[in-house]
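In full-length UniProt numbering, the protein residues as written are 1 to 82.
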């Protein structure tokens with residue numbers, strides 16, 4: 001049985017926010033190249049996309065922690081040319 005309270009399962013918008021991406025990032029990637037998501041890591045329920053942590057990590061190429069660390073580096077005004 002799947003526990004829908006598991007933080008490793010989230011809406012596409014929540015995943016995008018947690019990985020510091022545009023709100024529609026996961027939806028756009030899925031629409032254009034659904035094969036990038038490993039089998040079983042994304043599913044559509046009506047109009048809602050539900051994605052796993054693993055699926056988001058594969059598509060973005062980084063963990064949630066790495067995404068947040070890189071985002072904080074990009075926002076640092078003392079660091080240039082990223």
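Glycine included, every Cβ here is placed at the ideal spot set by N, Cα and C.
For residue 44, the enclosing beta strand (DSSP E) has its first and last residue at 42-45. Judged by DSSP secondary structure, residue 20 falls outside any beta strand (DSSP E); it is assigned neither H nor E. Here the C-alpha atom of residue 47 lies approximately 22 Å from the C-alpha atom of residue 57. Contact between the stretch 2-16 and the stretch 52-69 is present, with at least three C-beta pairs closer than 8 Å. Beta-bridge partners assigned by DSSP to residue 11: 50.
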